[in-house]
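See below for the structure under consideration.
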Amino acid sequence: MLMNWGGRLPVNVTDSSKINQMQLSKSLLSGFKLLLNGLLTLTVVFCFTTLILLIAGAPPLAAYYHIFKGSLGSWITFGHVVKTWIPLTLCSTGLIYTFRIGLWNIGVEGQIMMGAVFSTAMLRWGADWNQPFGVIGLAYGAGISGGAMWAIIAGFLKTKGGVNEIFAGLGLNFVAQGLILWLIFGPWRRPGVASMSGTEPFPYELWLSNWPGLRIAPAGLALAIGAIFLTALILKYTRIGLNLKAIGNNAQAARLFGLNPKHHMLLAMLFAGGLAGLAGNIQVTGIYHRLLPAISSNYGYLALMVVMLANYNIWAAPLVAFFFACLNVGSIQLPMALRLDSSLSGVIQGSLVLATLAVQAWRVKRNK
Amino acid sequence: MLNTNEDETMRIELQDIHKYYGPVRANNGVSLTIASGEIHGILGENGAGKSTLMKILSGFIHATKGTILIDACPVKFENPAQASLMGIGMLYQDPLDFPFLTVLDNFMLGLTDGLSVQADQFRNQLNELSASFGFQVNPDIPVQRLTIGERQQLEILRLLGLGIEVLVLDEPTTGISAVQKQLLFQALKKLAADGKSVILVSHKLEDVEALCDRVTVLRYGAVTGAMESPFDTGMLLKMMFGAPPSQPLRKAAQSGSSVLEMKQVYASGGRSGLKDCSITFRQGEMIGLAGLEGSGQGVFLRVASGMQKPALGEISLRGARIKGGAFPAFRQAGAAFLPASRLEEGLIPGLTLTEHYALQNKSSKFLIPWAQAYQQAQKCINLFRIKGQPQTFVQTLSGGNQQRLLLSFLPDKPKLLLLENPTRGLDLESAHWVWQRLCNYADRKVCIVFASSELDEILMVANRVLVFFDGSIIKDVKADETDADELGRAIAGKCD
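For the record, the sequence lines run as chains A and B. At position 280 of the first sequence (counting the first as 1) the number is 280 in the working numbering, and the numbers step up by one without a gap. At position 127 of the second sequence (counting the first as 1) the number is 1127 in the working numbering, and the numbers step up by one without a gap.
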């Protein structure tokens, strides 16, 4: 599936000294318009969410306050936000590659799961080697390969078999989920009781070390931030970045420039799957310390929304991911405080994306 | 709502119509009036803005500025259905019908209410209408088995069935036989005699002169003049081109070694695919591919350039066998391809000129030499006189500038240039410039193969002409041993 970005991507200014006064004021104007779009979108979302809250019979202001307090109100909750932000950002960063070449990598959810499965397998295998650092290191590799492998399957189905990557990815998500359930209730079940609470926790020395108090793994944070910068560099300065963009905008013409769309699609899937697999690894080693049925926490689907909302921009994606993480963590408080379901965060996130797309479409239509 | 009763006559006025596509001004303040019962010609060369104007009139696109008046009452069409409800129907260059349905089904579409199908009633209506114009269309065969001319006849009958008062025809004589053309002209004259208006859009002087009562000439999106029948050909030409058309650029073929050889190549694609194609092209040849659009020229060019894999057959480049569809190998061997649809197949919308040159520049494997690409962009902008900046997005360039940009990507020392409609949609000056550049290549003994829908253009530059019909090459002649008449007959499938 190919998408046309039109003029929505930011102008690639290769030589800043060449910008003259007119272009500067032009870009200021377009920046102002973007800000206006954002404000308009937020207003729409705010009104919609407030309406839902009123229908549910909850005081809206109190709900917003609890979301804020539950996410940024203390260092503990802030730690939870960062913990959510890390896998979300890793997945979003990976999705930027696939979106850039025009692929809808819905399979990212399954890729997280396979990253988690492969990591768990590695940790279980190496549990009695007495080499905790080596095993954790190998588990990173295993997680990345697991996610990448799952993505490559979808990629091959697309490039060799002509299967739409959305359906391939969706199908593989179910397969991955089934595999996890089978492992938890079959070969990897807890001695005596197999339950939805997952496998036996790993020995403590195989846990990713945390900052005391905050429960954030520094290694995970470093990897997420590293992924953002590396991706930005790759997209801007390397052939791969330009090639992905060229093929994503017009695969037919890209062939005339000597590019091979199929190879690049596989490459983009490899990046996306690898980063999703890494997210799965961190879910296992850094947060739950075992394999759970819900190990992906829907971060894959959430990351798709993050990237769309960030307008496929690598610098905006981490910010949106942070906002989404705040909503997710903050709404955990709602059931207790206001007897509201915590799915409110999902309502806000979903309506944000819809409202953004609607405002964009409206702008495009008005500009015609 | 206006009354579109049969007895009423309609007078259409276009006032100061503007249509901009980004910086391109397709229509720039066009005003004209069409009285009922008249056959009005809209004359102009390719890209003069004729089709744009008619698409605005028929509700297919919206004007940027300007008013349409029907019987002095301003109207605004949101879509073609509204226009045809008001009595304006358009016959497009490519028939917009449903190839798999029968003639009768196509006729009934849009006429029935969809609940009760009174096929017999419509069959009678179709037969009556068809007989009154001397058309012979069999209601029960699928439309895909009709010729272009017959599909056109069906479309006219369908529009009349809808009760239209104004019939707009966009280049209706392209691709139909001489007999069908005669039939068409008779039908149009009959319509005008019945009080309906006919608007004929054409770049062919002879058609306009043979048929029209009145002609409006467009050039660069604006009206350059109008004339009543009888016409002064010299004046019309001057209004169309500003200056008399240029002289032939054709050069005698130099014979050299074989560049491209095909043996019994078959391929799918287009309307007709490519059937049993065996051909040899040599150095220094300038070969024009004639034929109706979709008769196999496009597939031929794509197979010859390695963009498409043939189903069967052998291809050799410069004497060596090459695997079909292996585009990089074709490129290596010196073949270059320029597709007709510039923004769809040739350029990448959303990328700047610099980014295009960066893609083109293969000097480093991993990092992009941005500074080098920027300089190259600037150099080519000057050299190829492209109206744009290195940081301009290609989709905002005008058609002519897009074509110049594409030409600037051609390799310096190609062996074989394959060009699909290289001057389509260009104004005369740009087209001339394109041919001058291409002739430079020909001087260096590069073999140039180009498809064109304009016989005049082919006869102007090519020294060898191939005519495609229904996927096969049915004629292969030297350009100085043939003429437009003979080629025209071949294009319509008549080869003697």
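Using N, Cα and C, we set each Cβ at its ideal position, and we do this for glycine too. As the structure is a computational prediction, the values presented were derived from the model and not from experiment.
Segment limits, alpha helix (DSSP H) that includes residue i
i        : result
S71(A)   : 60 to 72
L244(A)  : 239 to 249
S1051(B) : 1050 to 1057
P261(A)  : 261 to 282
F1107(B) : 1103 to 1108
C-beta atoms of residue i and residue j nearer than 8 Å
i        : j        : result
A246(A)  : L259(A)  : yes
D1269(B) : Q1297(B) : It should be pointed out that residue 1269(B) corresponds to Gly in this sequence rather than to Asp. Cβ distance not < 8 Å, so G1269(B) and Q1297(B) don't count as in contact.
R1158(B) : N1106(B) : yes
R1123(B) : D1071(B) : no
G1488(B) : L1455(B) : yes
E1420(B) : L1301(B) : yes
N164(A)  : G107(A)  : no
Q111(A)  : E1345(B) : no
V307(A)  : F167(A)  : no
K1263(B) : G1313(B) : yes
F1281(B) : C1447(B) : yes
A321(A)  : T77(A)   : no
D1285(B) : N1463(B) : As written in the sequence, residue 1285(B) is Glu, which differs from the Asp given in the question. The answer is yes: Cβ separation under 8 Å.
A1210(B) : F1185(B) : yes
Residue i: first and last residue of the uninterrupted beta strand (DSSP E) it sits in
i        : result
T1216(B) : 1214 to 1219
A1222(B) : 1222 to 1228
F1241(B) : Segment 1233 to 1241 is the alpha helix (DSSP H) holding F1241(B); no beta strand (DSSP E) there.
I1088(B) : 1088 to 1091
Y288(A)  : From DSSP, Y288(A) is part of no beta strand (DSSP E); its letter is neither H nor E.
C-alpha gap between residue i and residue j, whole angstroms
i        : j        : result
I55(A)   : S296(A)  : 31 Å
L35(A)   : S1364(B) : 39 Å
G186(A)  : A176(A)  : 15 Å
D1483(B) : L1459(B) : 8 Å
I1386(B) : A276(A)  : 44 Å
P191(A)  : W182(A)  : 15 Å
L354(A)  : Y65(A)   : 24 Å
C1439(B) : F257(A)  : 24 Å
K1019(B) : G1388(B) : 21 Å
R215(A)  : T356(A)  : 34 Å
T1352(B) : C1212(B) : 46 Å
T1064(B) : T1033(B) : 19 Å
L1104(B) : Q1360(B) : 52 Å
L340(A)  : M113(A)  : 29 Å
M1240(B) : S92(A)   : 57 Å
K236(A)  : Q1372(B) : 15 Å
H264(A)  : N328(A)  : 34 Å
S1453(B) : A142(A)  : 59 Å
G1109(B) : D1097(B) : Rather than Gly, the amino acid found at residue 1109(B) in this sequence is Leu. The straight-line gap from Cα to Cα measures roughly 10 Å.
L1167(B) : S1197(B) : 6 Å
G350(A)  : V359(A)  : 14 Å
L1014(B) : A1340(B) : 32 Å
S331(A)  : L208(A)  : 26 Å
R1424(B) : K158(A)  : 35 Å
R1219(B) : K1055(B) : 17 Å
R239(A)  : G147(A)  : 24 Å
P1245(B) : D1232(B) : Because the pLDDT at P1245(B) is just 48, under 50, the model does not fix this residue reliably, and the point stays unresolved.
L1188(B) : I1039(B) : 8 Å
Which residues DSSP lists as bridging residue i, in chain order
i        : result
Q1015(B) : T1067(B)
Y204(A)  : Paired residues: none, contrary to the question.
I1287(B) : V1449(B), R1464(B)
K83(A)   : Note: K83(A) sits in no beta bridge, so no partner.
H1040(B) : I1199(B), R1214(B)
M1307(B) : Note: M1307(B) sits in no beta bridge, so no partner.
N1027(B) : K1019(B)
E1355(B) : E1355(B) pairs with nothing; no bridge assigned.
M1262(B) : I1279(B), I1315(B)
C1380(B) : BP columns for C1380(B) are empty, so no partner.
Per-residue contacts from residue i into chain D (C-beta, under 9 Å)
i        : result
F1337(B) : Reference to chain D is not applicable here, since the protein chains of this structure are A and B.
* Closer than 9 Å, Cβ to any Cβ of chain A: which residues of the region 1345 to 1372 of chain B, in chain order? -> E1345, G1346, L1347, I1348, P1349, G1350, L1351, T1352, T1354, E1355, H1356, A1358, L1359, Q1360, K1362, S1364, K1365, F1366, L1367, I1368, W1370, A1371
* Asked: Any residues in the region 1302 to 1331 of chain B with a beta carbon nearer than 8 Å to a beta carbon of chain A? Which ones, in chain order?
  -> M1307, F1327, P1328, R1331
* In chain order, what residues of the region 225 to 236 of chain A put their CB closer than 7 Å to some CB of chain B? -> none
* Quick one, which residues of the region 247 to 263 of chain A are near chain B if we go by CB-CB under 7 Å, in chain order? -> N249, N250, Q252, A253, A254, R255, L256, F257, G258
* Asked: Got a sec: which bits of the region 321 to 354 of chain A sit with their beta carbon under 8 Å from any beta carbon on chain B, in order along the chain?
  -> none
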